[in-house]
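Chemist: In my numbering, the protein residues as written are 12 to 115.
We put the CB at the ideal spot given by N, CA and C, even for glycine.
Remember, predicted model here, so these are calculated numbers, not experimental data.
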């Protein structure tokens, strides 16, 4: 697997959750600028990847390469950002695609 494949897998998972997350109670949502500032100042997390999902939503993965904490966010077109998932042990990967098996 490549890093891009892993990133796209994470983004696809976030996209599946995005549509329901943005319509749920807004307790885990705030203005994008505020969320980014809090992730940086509280957890030392910076954006590691980004992708577009359905309904013009943006899925982002933030992580700290120092502590290993990570957060997935979804932002709608109005700038409302919701926390989708978070965890520990973030790692950057640089895996390569396996060589396709030749037909016998």
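State buried or exposed for residue 71, treating a residue as buried only when at least 16 other CB atoms are found within 10 Å of its CB.
Modeler: Result: buried.
Chemist: Run through the segment 65–90 for me and flag every whole beta strand (DSSP E) of 3 or more residues, listed as ranges in chain order.
Modeler: The segment 65–90 contains these whole beta strand (DSSP E) runs: 69–74 and 81–86.
Chemist: Return the Cβ separation of residue 81 and residue 55 in integer angstroms, given the expectation that the two are a contact with Cβ distance under 8 Å.
Modeler: The Cβ separation is near 11 Å, so there is no contact.
Chemist: If you count every other CB in all the chains shown that lies within 10 Å of the CB of residue 44, and 16 or more means buried, which is it?
Modeler: Classification for residue 44: exposed.
Chemist: Output the distance between the C-alpha atoms of residue 90 and residue 111, rounded to the nearest integer angstrom.
Modeler: If I take the Cα positions, the gap works out to 42 Å.
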